[in-house]
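Chemist: Chains G and B, in that order, are what the protein sequence lines are.
For the first sequence, the working numbering begins at 259 and goes up steadily by one.
For the second sequence, the working numbering begins at 56 and goes up steadily by one.
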Amino acid sequence: MTAAPIIDIQDISIGFTGLSGSTLPVLRNIDLSVRPGESVGLVGESGSGKSTLALAAMGYLKRGLRVLNGSSHFNGDDMFSQSRKSLEHIRGGKLGLVPQNSGQSLTPTLRIGAQLTEALRLHSKLDQAQYRARVLELLGQVRLPDPEAIYARFPHELSGGQQQRVAIAMALAGEPDALLLDEPTTGLDVTTQAHILELLRDLAAETGMAMVYVSHDLGAIARVCDRVVVMYAGEVVLESTAKQVLTAPTHPYARGLLASIPKLSDPHLPTALDGRPPAPGKAGAGCAFVDRCGIASGLCRSSRPPLAAGPGGAMSRCHHAEQANQLPMTSTGADPERSDPNAPAALALDKVSISYAKQGLIEKLLGKEDTRPVTVDGISVAMKRGETLGLVGESGSGKSTILKSIAGLLPPAGGEITFGDGGHLPQEVERRSNDHLRRIQLIFQNPDDSMNPRHTIAEILEQPLKLYFGLKGQALHDRSAELLERVRLGAHYMTRLPSQLSGGEKQRVAVARAFAAEPELVLCDEVTSALDVSVQAAVLDLLNELKQEQGTTYVFVSHDLAVVRALSDRVAVLYQGRLCEIGPSEDVYALPSHPYTEVLLGAVLEPDPDYAPKLTADDVIELAPPAQGCPFQRRCPRKLGAICDTDSPPWQQQPNGHAVRCHISLEELNRLQVDEARSDETPKETLSA
Amino acid sequence: MLRMFIRRLFLGLITVALVSLIIFAGVEFLPGDACTAFLEREAQGKILENCREELGLNRPAAERYLEWAANALQGNLGMSANGEDSIGSLVGARLGNSLLLAACALLTGVPLAIVLGVIAGLWRDRPADLIVSTAAIFAMTIPEFVSATVLILLFSVWLGWLPGIVLTSADAPVAEFFPEIILPVIVLSMVMTAHILRMVRSSVIEVMNGDYIQMATLKGVPYWQMVFRHALPNALLPAINVVALTIAWLLGGVVVIEVVFNYPGLGRMMIDAISDRDLPVVQALALIVATVYVFVNLTADMLTMIANPRLRTLYTRK
Chain G
259 MTAAPIIDIQ
269 DISIGFTGLS
279 GSTLPVLRNI
289 DLSVRPGESV
299 GLVGESGSGK
309 STLALAAMGY
319 LKRGLRVLNG
329 SSHFNGDDMF
339 SQSRKSLEHI
349 RGGKLGLVPQ
359 NSGQSLTPTL
369 RIGAQLTEAL
379 RLHSKLDQAQ
389 YRARVLELLG
399 QVRLPDPEAI
409 YARFPHELSG
419 GQQQRVAIAM
429 ALAGEPDALL
439 LDEPTTGLDV
449 TTQAHILELL
459 RDLAAETGMA
469 MVYVSHDLGA
479 IARVCDRVVV
489 MYAGEVVLES
499 TAKQVLTAPT
509 HPYARGLLAS
519 IPKLSDPHLP
529 TALDGRPPAP
539 GKAGAGCAFV
549 DRCGIASGLC
559 RSSRPPLAAG
569 PGGAMSRCHH
579 AEQANQLPMT
589 STGADPERSD
599 PNAPAALALD
609 KVSISYAKQG
619 LIEKLLGKED
629 TRPVTVDGIS
639 VAMKRGETLG
649 LVGESGSGKS
659 TILKSIAGLL
669 PPAGGEITFG
679 DGGHLPQEVE
689 RRSNDHLRRI
699 QLIFQNPDDS
709 MNPRHTIAEI
719 LEQPLKLYFG
729 LKGQALHDRS
739 AELLERVRLG
749 AHYMTRLPSQ
759 LSGGEKQRVA
769 VARAFAAEPE
779 LVLCDEVTSA
789 LDVSVQAAVL
799 DLLNELKQEQ
809 GTTYVFVSHD
819 LAVVRALSDR
829 VAVLYQGRLC
839 EIGPSEDVYA
849 LPSHPYTEVL
859 LGAVLEPDPD
869 YAPKLTADDV
879 IELAPPAQGC
889 PFQRRCPRKL
899 GAICDTDSPP
909 WQQQPNGHAV
919 RCHISLEELN
929 RLQVDEARSD
939 ETPKETLSA
Chain B
56 MLRMFIRRLF
66 LGLITVALVS
76 LIIFAGVEFL
86 PGDACTAFLE
96 REAQGKILEN
106 CREELGLNRP
116 AAERYLEWAA
126 NALQGNLGMS
136 ANGEDSIGSL
146 VGARLGNSLL
156 LAACALLTGV
166 PLAIVLGVIA
176 GLWRDRPADL
186 IVSTAAIFAM
196 TIPEFVSATV
206 LILLFSVWLG
216 WLPGIVLTSA
226 DAPVAEFFPE
236 IILPVIVLSM
246 VMTAHILRMV
256 RSSVIEVMNG
266 DYIQMATLKG
276 VPYWQMVFRH
286 ALPNALLPAI
296 NVVALTIAWL
306 LGGVVVIEVV
316 FNYPGLGRMM
326 IDAISDRDLP
336 VVQALALIVA
346 TVYVFVNLTA
356 DMLTMIANPR
366 LRTLYTRK
């Protein structure tokens, strides 16, 4: 522990020149030191400066930024006063980077082999003839199947997880002493994320390299880091061991962050951390977190707390660090609103199949049988008014496709969608009446893409009001203002443009726009995926409240199983567009599970350094479901044998509506899974004893 | 990929066929025909009847269209309205001249545009970019006849370095067009360079802001290697289509330039044919220009597809 730090950042401040000509700091007086072999996590919300700090370790600044004071050393070399040549030598050599979005960080016109060879050419002493063998070795080291094939591919021909592995291999090519990872698993499926993290843990252990892991996800940090630095508004607010930060943090922000994470083990809604961090240069004389803090005092407004050693050796930037433990760090959120089992029917999907392929004109004219390949098949679900159905599955599982079909944007190729009490619902959106359109509303994943950037918030909200209710003048204005109040934004937002709002505020406007139509059914497509956890909790809370008041029915799509659990009455698990399991959420999340659900649940990370994910299946992305048998046959860790390849598994119904589609009987599944859960517990206890 | 090419080729041929139909119909609806144009004031009564009889203009339009189209397919574009020259031979020489002008303009303009565009993009908002970008805007906004006239005034009237007008006859050998062709080439390259340059500049800026350029930098790739290996192959892809449009524009006859410099190309031939009401020539020229447009664009699309791996997989998978 006494070795000299390999990355040593001292008192660094980085800022840019604002429109008014004043200097706005993005990072304020940050110290960060990482010793050889150590793995440090940088956590914080978007805009907290964590990526800027990581890039500063490489001596790199994004366009427009400049160093205001302080220094950044790597292995004793000052990274901001190196010659271009020596920077080129260090970057990608002894100091590697795994970027946030590997899909966009690999050059699209160069083959994978060429990009890795380039890294070797720049940073290794190997002979040219050895490059190919070494590249294949690196691809194998990051556990890519069939390195020879990957070598010859272009980046866009790989899945997200494979691209991320290639990026890691590229960083390893320089045999780095330290690796910077900038949100390396954000945007990946849970299973893929868990596999990448295990790979990183193993690589760190094998090579002894230091890691700086930047993430907003405390679960991921918990899995790979020894020490955690929590950042807020460009400052370090808490620094301690991973265990202490995650289990007994002494800063109110860290506790709020932990409380806002939805957890698999907790069916409550997470607690929202209201408000947002001050913009660069807007933090006053006091603590930057003061407006969102539950224990703020007058002192917090007038003086900026220093980063001081507190209880348990943690460095905390809080005047009241010793009181922070009064604040909750687990969810104190509301119980999710449960639906009434006797409510009238709201929506029914009957053997719905959906295809993206278009039926050929000639086949259609000849009346030939529809032989298009179907992305989604055999979906039958009936929902009651006021019920929330969660749809979960990896990317490509057809979750969003089903929403599009219900919205009429992609009419089903087979089967029927009925709405309300059996009333006829035209399947194509063009043929639906205005009233049908009003009753079914859709909220999209990314509010930046779903709102016209040149419309004010008022114009955005007025459109459904004019279209469905013919409101005009004062009535229109009043109703828009009322809607904004409903989503806790206030009427003063009406004249703003979407770009002047934060991500969470924009998503609230999107919710308000959907509810302006007074819908009966709201389709939510990954509505919280683009948001920070603290903001996510607020949006979930809002959706729950609206449901309580208006009895709205939701179909809630998310790849995050914990988020789905927090809001849903029932959960349907999809694989390759086919249902695997459906039932009341507490039953789906409890044993026995469909083997696929088990794989998904096993890969979910908890913000707990002692928690290890259970990875039982590979994170392969299948492009199409198998022609016959069980859709999950190729990845199933509990595959029985030939029967899974040839016969479609039967639905095993339980009296409470829980149904699992598997050849293995529920009793057998239960026995296997409970046994394994027990044997998993034992070694952990012996370790800690 | 091959299927895609055949499909596009087929669609291109259909486009040309439709264009030919539209051209023929357009000419058909115009008052007057080849005979009225040829006979001028004598075009009446018996003489006109005889002329029409002789040229077969009394037959139904569909029949004449098919005959014209069939002949055009075999390379026979018919006879000019004066009844003496075959259009094929008239067009042949002019097409050659237009190709010469286009080739010279492209060979100067395209490399210049790419080099300047890349410079402006890489040194964005620096003096080099400001000079190049401002010059480009001037070159684009000043109408060609103005810049042409100014250049003639400067280089041929005042300085006397270059001939200001082309006096060589249409069917003269290529070598005789020098140095008369130099001023028209300069004017054309100016306009063309400006368009392509601005496109290249914005494309370079976009690519240089991309994640993979940041990644290449942080992987330790030296600057110029990064520019040539990672940035330019991606930044220049969109240039292919703009260059193609420019080629089509150049071959389609740059009427203004040809008139100002008295250059004997397709553009001036078209103008002359229109004022002479030489409808068979107008028809033939319109068809040639449309065909050039369609096939140059087809070539550009194919090239883009070959150069862009993402498009390539998109179409080979299907």
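By construction, the Cβ of each residue, glycine as well, lies at the ideal position given by its N, Cα and C atoms.
Could you say which of B:I61, B:A89 and B:V71 lies nearest to Y348 (chain B) if we only look at CA atoms?
Modeler: B:V71
Chemist: Compute the Euclidean distance between the alpha carbons of Q758 (chain G) and V356 (chain G), then round it to the nearest angstrom.
Modeler: Looking at the two C-alpha atoms, the distance is approximately 31 angstroms.
Chemist: Three Cβ pairs or more, each shorter than 8 angstroms: is that satisfied between the region 748-764 of chain G and the region 664-683 of chain G?
Modeler: no
Chemist: Return the CA-CA distance between E97 (chain B) and G219 (chain B), expressed in angstroms with no decimal places.
Modeler: 41 angstroms
Chemist: Taking 8 angstroms as the threshold (C-beta atoms), are E763 (chain G) and L747 (chain G) in contact?
Modeler: It is a contact, given that the beta carbons lie within the stated cut-off.
Chemist: If Y471 (chain G) sits next to L439 (chain G), beta carbons under 8 angstroms apart, how far is it from one beta carbon to the other, in whole angstroms?
Modeler: 5 angstroms
Chemist: How would you list, in chain order, the residues of chain G whose beta-carbon sits under 7 angstroms from the beta-carbon of T359 (chain B)?
Modeler: In chain order: nothing, as chain G lies at least about 12 angstroms away.
Chemist: Under 8 angstroms Cβ-Cβ, which residues of chain G neighbour T276 (chain B)?
Modeler: Inspection of the sequence shows that residue 276 (chain B) is occupied by Val rather than by Thr. The answer, in chain order, is E346, G350, E376 and L380.
Chemist: Find the residues of chain B that neighbour T588 (chain G), judging by a C-beta separation of less than 9 angstroms, and give them in chain order.
Modeler: Correct list: empty, because the minimum Cβ distance to chain B is about 37 angstroms.
Chemist: Under the three-state reduction of DSSP, which class applies to V494 (chain G): helix, strand or coil?
Modeler: DSSP places V494 (chain G) in strand when its eight states are reduced to three.
Chemist: Can you name the start and end residues of the beta strand (DSSP E) that H453 (chain G) belongs to?
Modeler: Segment V448 to T465 is the alpha helix (DSSP H) holding H453 (chain G); no beta strand (DSSP E) there.
Chemist: If you follow the beta strand (DSSP E) that V822 (chain G) is in, where does it begin and where does it stop?
Modeler: Premise fails: V822 (chain G) lies in the alpha helix (DSSP H), L819 to L825, not in any beta strand (DSSP E).
Chemist: Going along chain B in order, which residues have a C-beta closer than 8 angstroms to the C-beta of F412 (chain G)?
Modeler: P364, R365 and T368
Chemist: Tell me whether the region 315-330 of chain G and the region 493-502 of chain G touch, counting them as touching only if at least three CB pairs, one residue from each stretch, are closer than 8 angstroms.
Modeler: Output reads no: the region 493-502 of chain G does not touch the region 315-330 of chain G.
Chemist: First and last residue of the alpha helix (DSSP H) that includes C106 (chain B)?
Modeler: G100 to L110
Chemist: I'd like to check one pair, V791 (chain G) with H474 (chain G): are the Cβ atoms closer than 8 angstroms?
Modeler: yes
Chemist: How many angstroms separate the CA atom of A160 (chain B) from the CA atom of I251 (chain B)?
Modeler: 13 angstroms
Chemist: Would you call E807 (chain G) buried or exposed, if buried means 16 or more other Cβ atoms sit within 10 Å of its Cβ?
Modeler: exposed
Chemist: For W178 (chain B), which of B:M263, B:F200, B:S135 and B:E104 has the nearest alpha-carbon?
Modeler: Nearest option by C-alpha distance: B:M263.
Chemist: Taking only beta-carbon atoms, is T367 (chain G) less than 8 angstroms away from chain B?
Modeler: With 8 angstroms as the cut-off, T367 (chain G) counts as an interface residue toward chain B.
Chemist: Can you tell me where the alpha helix (DSSP H) with L209 (chain B) in it begins and where it stops?
Modeler: Element bounds for L209 (chain B): n/a, residue is neither H nor E.
Chemist: Return no unless some Cβ of chain G is closer than 8 angstroms to the Cβ of H285 (chain B).
Modeler: yes
Chemist: Applying the 10 Å Cβ sphere with the 16-neighbour rule, what's the burial state of N152 (chain B)?
Modeler: buried
Chemist: Quick check on K373 (chain B) - is its C-beta less than 8 angstroms from some C-beta in chain G?
Modeler: Caution is warranted here: a pLDDT of 40 is assigned to K373 (chain B), below 50, making its placement in the model unreliable, and the coordinate value is therefore given only provisionally. Answer no: the Cβ-Cβ gap between K373 (chain B) and chain G never drops below 8 angstroms.
Chemist: Mark T904 (chain G) as exposed unless 16 or more other C-beta atoms lie within 10 angstroms of its C-beta, in which case mark it buried.
Modeler: exposed
Chemist: At the 8 angstroms Cβ level, is A271 (chain B) part of the contact set with chain G, yes or no?
Modeler: Output row for A271 (chain B): interface = yes.
Chemist: Check whether the region 158-177 of chain B touches the region 291-308 of chain B, counting contact only when three or more Cβ pairs, one atom from each stretch, lie closer than 8 angstroms.
Modeler: yes
Chemist: Just the Cα atoms here: how many angstroms apart are V337 (chain B) and S75 (chain B)?
Modeler: 12 angstroms
Chemist: Enumerate in chain order the residues of its own chain whose CB-to-CB distance from D736 (chain G) is below 7 angstroms, with the five nearest sequence positions on each side excluded.
Modeler: none
Chemist: Taking Cβ positions only, does Y614 (chain G) come closer than 8 angstroms to chain B?
Modeler: no
Chemist: Bridge partners of H331 (chain G), per DSSP?
Modeler: Its beta-bridge partners are G:D266 and G:D336.
Chemist: Is the CB of G393 (chain B) under 8 angstroms away from at least one CB in chain G?
Modeler: This structure gives no information on residue 393 (chain B), because the portion of chain B shown stretches from 56 to 373.
Chemist: What residue ranges within the region 160-229 of chain B form continuous alpha helix (DSSP H) runs of no fewer than 4 residues, ordered along the chain?
Modeler: 182-196 and 199-206
Chemist: Is M428 (chain G) close to chain B? Criterion is C-beta to C-beta, closer than 8 angstroms.
Modeler: yes
Chemist: Return helix, strand or coil for S965 (chain G), following the three-state DSSP convention.
Modeler: The first residue shown for chain G is 259 and the last is 947, placing residue 965 (chain G) beyond what the model contains.
Chemist: Under 8 angstroms between the Cβ atoms of H852 (chain G) and V831 (chain G)?
Modeler: yes
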